[in-house]
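Have a look at the structure below before the remarks.
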Amino acid sequence: MKKRFLIAGAHGGIGEDLAIRLAKAGNEVIATMRHPDQASDDCRSLVKEIRQLDVTDQNSVAKGLADFSADSPLHGFAYCIGSIDLMPLKSARTENFLRAYELNVLGAVRMLQVLEKSLKAGQGSVVLFSSIAAQSGFANHTVISTAKAAVEGLAKSLAAEWSSYVRVNVIAPSLTDTAIAKPLTSSPTMREAIEKMHPIARLGSASDSAAVAEFLLSPDASWITGQIFPVDGGRSTLRVKG
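Position one of the sequence shown corresponds to residue 11 (the working numbering), numbered consecutively onward.
Set out below in structure tokens:
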């Protein structure tokens with residue numbers, strides 16, 4: 011049966027990979043991004059529609075999602091928008107924390123508030139994205155860890171609140187080889203060092219997380235809600251040396 015999905019942040023990376031996967035499976039996929047003119051050819055040719063939407067602007071969200079209601083069931087929503095802000099606490103400004111919270115948490119909240127009736131009508135599934143840094147302490151991660159921990163709190167609370175209608179889960183990747191991570195992966199030396207931090211000694215790919223998201227959005231995951239899924243090459247739980 012053809013289903014209807016909304017993917018926020020489909021300009022490259024995990025969001026684009028997920029949107030393409032769902033579209034290739036025969037589903038109706040609507041993708042949102044801040045700059046639709048930058049959408050890839052694959053995304054443009056496969057998804058039903060690409061909408062311009064700025065998640066930091068309530069009016070943009072309301073306008074971009076105005077047609078979602080109880081009369082237009084939505085079977086799945088993935089919020090694939092995030093940031094990587096690494097710095098020691100002494101260098102962080104209030105603005106850094108607010109920006110990370112705005113993108114990672116409030117953007118999702120704004121969209122979920124508008125989509126609630128549509129998701130409930132579709133008995134839908136929601137996938138949000140955290141980071142292994144939310145539960146594992148890493149130096150210089152105070153800004154992003156704070157925001158991602160809030161994402162996990164949001165998901166668990168919402169999973170309880172919507173338990174009769176909508177499933178809500180979180181994927182917590184380690185560093186993934188996408189455009190947003192380029193400042194950390196462009197140096198071969200730094201890239202190799204980061205890879206060696208993982209028991210499966212490589213960076214994650216967009217498809218690693220997108221495959222898990224596709225599963226969580228599917229009926230095969232119909233008895234799973236309120237969970238955090240690390241996709242991290244074993245980094246959060248395994249120690250293979252010492």
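Cβ atoms here follow ideal geometry from the backbone N, Cα and C, with glycine treated the same way. The structure displayed is predicted, hence computed values, not measured ones.
| Check | Outcome |
| --- | --- |
| Is Thr235 buried or exposed, if buried means 16 or more other CB atoms sit within 10 Å of its CB? | buried |
| Taking just the CA atoms, how far does Glu38 sit from Ile154? | 33 Å |
| Taking the runs of the alpha helix (DSSP H) that are 4 residues or longer, which of them lie wholly in the stretch 49–79? | 51–56, 68–74 |
| Hey, could you find the ends of the beta strand (DSSP E) Pro240 is sitting in? | 238–241 |
| So, at 6 Å on beta carbons, what are the nonlocal neighbours of Thr186 in its own chain, with the 5 sequence-adjacent residues on each side left out? | Gly214 |
| Would DSSP call Ser135 helix, strand or coil? | strand |
| Quick test of the definition: if touching needs 3 or more C-beta pairs under 8 Å, does the stretch 115–131 touch the stretch 216–228? | no |
| Between the C-alpha atoms of Val65 and Pro46, what's the straight-line distance to the nearest angstrom? | 14 Å |
| Please work out which residues of its chain come closer than 7 Å, Cβ to Cβ, to Glu162, disregarding the five sequence neighbours upstream and downstream, and give them in chain order. | Ser140, Ala144, Val180, Ile238 |
| Inspect the CB distances between the stretch 26–33 and the stretch 47–61 and report whether three or more fall short of 8 Å. | yes |
| Give me the Cα-Cα distance between Ala102 and Ala118, rounded to the nearest whole angstrom. | 23 Å |
| Looking at C-alpha atoms only, which residue of Asp77, Asn114, Gly86 is the closest neighbour of Gly92? | Asn114 |
| As a quick exercise: from Ala157, Lys206, Ile30, pick the residue whose alpha carbon is nearest that of Arg109. | Ala157 |
| Pro98 to Gly147, Cα distance in whole Å? | 13 Å |
| For Met11, is the classification buried or exposed, using 16 other Cβ atoms within 10 angstroms of its Cβ as the cut-off for buried? | exposed |
| Of the choices Val57, Met121, Phe107, whose alpha-carbon is the least far from that of Glu36? | It is worth fixing the name first, because residue 36 is Gly in this sequence and not Glu. Closest by alpha carbon: Val57. |
| Can you grab the Cα-Cα spacing for the pair Arg2 / Ala182, in whole Å? | For the chain, the structure presents residues 11 to 252; residue 2 sits outside this window and is missing. |
| Go ahead and label Ala165 buried or exposed: buried means 16 or more other beta carbons lie within 10 angstroms of its beta carbon, across all protein chains shown. | buried |
| I'd like to know whether the C-beta atoms of Thr42 and Ala20 end up nearer to each other than 8 Å. | yes |
| Decide if Asp218 is buried, meaning its Cβ has at least 16 other Cβ atoms within 10 Å, or exposed. | buried |
| Secondary structure at Pro46, three-state DSSP: helix, strand or coil? | helix |
| How many angstroms separate the CA atom of Ala169 from the CA atom of Trp233? | 12 Å |
| Among Leu84, Ser79, Ala80, Tyr89, which one has its Cα closest to the Cα of Leu63? | Tyr89 |
| If you count every other CB in all the chains shown that lies within 10 Å of the CB of Ala216, and 16 or more means buried, which is it? | buried |
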